[in-house]
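> Just so you know, we're using the working numbering here: the sequence shown kicks off at 1 and counts up by one. Following this message is one structure expressed as structure tokens.
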Amino acid sequence: MIKLSHISWNLAGLLLPLIIAAITVPALLSSLGQERFGLLALVWGIVGYAGSLDLGLGRALTQYVATLPVEQWRLQVRSVLKTTSTLTFFSGSLFGLLLFAAASGGAQHWFNTKTVTETELATVILLVAFVLPVQAMSATYRGLCEACQRFQGINIIRILLGIVTFAGPGIALLYSEQLILPVLLLVIARLLALVAFRILALRCLVDASSNAQFDRSVAHRLFSFGGWVTVSGILSPVMLQADRFTIGALLSAAAVSAYVIPYEVVVQSLVLVGAVSATVFPAFSRMIASQPELLHDYFKLWFRRIAVLMLCVAIALVLILPVLLPFWLGDKSTPDMALIGQILCVGVFANALAAMYYALIQAHGRADVTAKFHLIELPVFLILLFLLIHLFGPAGAAMAWSSRMLLDLLLLRSYAGKHYV
């Protein structure tokens, strides 16, 4: 069953870092300048979504462990964890090596910057490449903790990470104006978080069998679910970050700042949905295995709650953004920022509803469905993104992003309505 305490911890773990960001971002923008802040925002985005590079095995682990009967859980869970962590280490390392090769091949030339040196850019890219396997493995250990409903520990780690992520760069700027030191602090914090997630996961295994070995049959089962989650795990970050990179490539790094600030303000309102969806996914998985007759009404209850809540949030944001952004950013704010945020509110509401259908479909083990929908959405989104940025600048990126979220909602609702609710 879904406990309000679990949702509360998830909300705290997602919301408190945002409060820290709200306090520190204006000072960072002023100290770094628009170009360096835009590049730091890109680093935050890459590192934030690097957990998706675990080949979907972290989410597969959550779904698999949540459905295991008690006795089977005791016998298998250590082997499941060892198998998953081994696979995610190699997958994260592969992506890290690819980014390392890109940096060695001159990836820093892809960015249109005037004040940031190529050496500084190349060093930042190398540091990000190092952190990719760390993030992938963290997703695995966090997946086991979610299956075991250890939400308190998970979110204490998240809060500490948020402090370092958003307050750390301000401290680093006391010693250097470049991005290298802030990104290095971020890498160190993610390493420490990996250690903490591993300790927390191992504490879930007190009553489990001591047998822990790589199990090919478990790997095959995880890949049957995680393989499709991998597709979504690769495509989703691409679609979620393509707007920033496309703006940077077609316009400028300064234009990224004009877009990313209202984007972060609006999109981070989804912490409310994230707090619920992180809780309902293992709960839905467990309910499907043990009490499937309760699922329909339970889903409808939480879906209505999310719909009402996020509609109120979206309307409130539309009304207050023209006042909030100038008050928050001062002369760094532009009229376009409020418009961008208002357009994004449409996509945020659609994404909030889609997240519930997404959790329901994947709890049934149908990660292939959500992945196929992402394959449909990707080319549509990229075409819209390029066209609308050319026509409307950063506001066009917001239009493309919201359109993709509406399409995602329509596809997920159509499938879930036909098969489950």
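Ideal placement from N, C-alpha and C gives every residue a C-beta, glycine not left out.
Output yes or no for whether 7 Å exceeds the beta carbon distance between residue 274 and residue 14.
Cβ distance < 7 Å, so residue 274 and residue 14 count as in contact.
> Less than 8 Å between the CB atoms is what I'm expecting for residue 99 and residue 125, so what's the real figure, rounded?
Confirmed, Cβ separation roughly 7 Å.
> Using 7 Å as the threshold, is the C-beta distance between residue 167 and residue 20 below it?
It is a contact, given that the beta carbons lie within the stated cut-off.
> Going by CA-CA distance only, name the one from 421, 365, 265 and 366 that's closest to residue 344.
The shortest C-alpha separation from residue 344 is found at 265.
> Return the chain-ordered ranges of every alpha helix (DSSP H) run that is complete within the stretch 103-172 and spans a minimum of 4 residues.
Taking only runs of at least 4 residues, the alpha helix (DSSP H) segments lying wholly in the stretch 103-172 are 118-147 and 151-172.
> Quick check on this structure: which residue in 293, 381 and 150 has the alpha carbon closest to the alpha carbon of residue 9?
The shortest Cα separation from residue 9 among 293, 381 and 150 belongs to 150.
> Which value, in whole angstroms, describes the spacing of the CA atoms of residue 279 and residue 410?
When rounded, the distance between both Cα atoms is 23 Å.
> In whole angstroms, what separates the C-alpha of residue 38 from that of residue 29?
Cα-Cα distance, rounded: 9 Å.
> Confirm, please, whether the CB-CB distance from residue 138 to residue 219 is below 7 Å.
No, Cβ-Cβ distance for residue 219 and residue 138 is not below 7 Å.
> Is the CB-CB distance between residue 187 and residue 267 below 7 Å?
It is not a contact, given that the beta carbons lie outside the stated cut-off.
> Do the stretch 232-243 and the stretch 397-416 make contact, defined as three or more Cβ pairs closer than 8 Å?
A contact exists between the stretch 232-243 and the stretch 397-416.
> Under 8 Å Cβ to Cβ from residue 49, same chain only, skipping five residues before and after it: list those, please.
The answer, listed in chain order, is 236, 237, 240 and 241.
> By alpha-carbon positions, which one of 4, 349 and 128 ends up nearest to residue 441?
Any question about residue 441 goes unanswered here, given that the chain covers just 1 to 421.
> Could you tell me if residue 419 is buried or exposed, where buried requires 16 or more neighbouring beta carbons within 10 angstroms of its beta carbon?
Per the 10 Å Cβ criterion, exposed.
> Taking the alpha-carbon of residue 56 as reference, which of 421, 372, 164 and 225 has the nearest alpha-carbon?
When only C-alpha atoms are compared, the closest one is 225.
> When burial is assigned at 16 or more other CB atoms within 10 Å of the CB, is residue 296 buried or exposed?
With fewer than 16 Cβ atoms within 10 Å of its Cβ, residue 296 is classed as exposed.
> I'd like the list of long-range same chain contacts for residue 373, defined as Cβ closer than 6 Å, with 5 residues on each side in sequence excluded.
Contacts found: 411.
> Checking 7 Å against the spacing of the C-beta atoms, do residue 140 and residue 215 come in under that value?
Result no, Cβ atoms of residue 140 and residue 215 do not sit closer than 7 Å.
> Can you find the residues in the same chain that come closer than 6 Å, C-beta to C-beta, to residue 93, ignoring five residues on each side of it along the sequence?
Around residue 93: 133.
> Please report the Cβ distance between residue 40 and residue 179, rounded to the nearest whole angstrom; I am assuming they are in contact, meaning their Cβ atoms lie under 8 Å.
Indeed they touch by this definition, with Cβ atoms about 6 Å apart.
> When you compare only the Cα positions, how much space is there between residue 323 and residue 308?
Cα to Cα, the separation comes out at about 24 Å.
> Check whether the Cβ atoms of residue 232 and residue 359 sit closer than 7 Å, and answer yes or no.
Not closer than 7 Å, so no.
> Excluding the 5 residues flanking residue 303 on each side, which residues of the same chain have their C-beta closer than 6 Å to its C-beta?
Only 356 meet the Cβ criterion.
> Please return the same chain residues whose Cβ sits closer than 8 Å to the Cβ of residue 365, not counting the five positions on each side in sequence.
So the qualifying residues of the chain are 63 and 225.
> Ordered along the chain, which non-local residues of its own chain (more than five positions away) have a Cβ less than 7 Å from that of residue 148?
Around residue 148: 204.
> Quick check: the Cα distance between residue 101 and residue 47, rounded to an integer number of angstroms?
Roughly 18 Å between the two C-alpha positions.
> Just reading off the alpha helix (DSSP H) that residue 334 is part of, what are its end residues?
Segment: none, residue 334 is in no alpha helix (DSSP H) and carries neither H nor E.
> Between which residues of its own chain and residue 262 is the CB-CB distance below 6 Å, once the five residues before and five after are set aside?
Excluding positions up to five away in sequence, the list reads 337, 340 and 341.
> Can you give the beta carbon distance from residue 363 to residue 405, rounded, assuming they're within the 8 Å contact cut?
Contact doesn't hold; Cβ gap of about 21 Å is too wide.
> Please look up how many angstroms separate the CB atoms of residue 27 and residue 170, rounded, as I've assumed it's under 8 Å.
At roughly 6 Å, the Cβ-Cβ gap stays under 8 Å, so residue 27 and residue 170 are in contact.
> Alpha carbon to alpha carbon, what distance is there between residue 289 and residue 321?
Rounded to whole angstroms, residue 321 to residue 289 spans 44 Å at the Cα level.
> Taking the alpha-carbon positions, what's the residue 153 to residue 306 distance?
So the alpha carbons of these two residues sit roughly 25 Å apart.
> Starting from residue 418, trace the alpha helix (DSSP H) both ways and give me its first and last residue.
Per DSSP, residue 418 belongs to the alpha helix (DSSP H) from 394-419.
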